[in-house]
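Numbering (the working numbering), first residue to last: 5 to 95. Here a beta-carbon is modelled for each residue, glycine too, at the ideal position from N, C-alpha and C.
In structure tokens:
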């Protein structure tokens, strides 16, 4: 993977993570770097899912693939916030 590919993956991950964070209601007390990691993982998994369903390569912008990515990011953010919140409650 080239430097351009890595930078692109980080930027896409940040955007997908931020969109996932916007979808989840309430305040999320997780750092931005964790949001970015969740976004990168969600972008990769969303692309895999879109390819599995045969909707990754469409004419124009791949809205369904983006939908998969944002939903996965929202789930990742919600799970992370839930686990982090549970840790704070048990201390």
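Residue i and residue j: beta carbons closer than 7 Å?
{"i": "residue 40", "j": "residue 21", "result": "yes"}
{"i": "residue 74", "j": "residue 24", "result": "yes"}
{"i": "residue 32", "j": "residue 85", "result": "yes"}
{"i": "residue 77", "j": "residue 43", "result": "yes"}
How big is the Cα-Cα spacing for residue i and residue j?
{"i": "residue 38", "j": "residue 55", "result": "26 Å"}
{"i": "residue 13", "j": "residue 52", "result": "15 Å"}
{"i": "residue 63", "j": "residue 35", "result": "36 Å"}
{"i": "residue 45", "j": "residue 83", "result": "14 Å"}
So residue i is in the alpha helix (DSSP H); what residue range does that whole segment cover?
{"i": "residue 59", "result": "Counting along the chain, residue 59 falls outside any alpha helix (DSSP H), and DSSP gives it neither H nor E."}
{"i": "residue 27", "result": "7 to 27"}
Applying the 10 Å Cβ sphere with the 16-neighbour rule, what's the burial state of residue i?
{"i": "residue 81", "result": "buried"}
{"i": "residue 65", "result": "exposed"}
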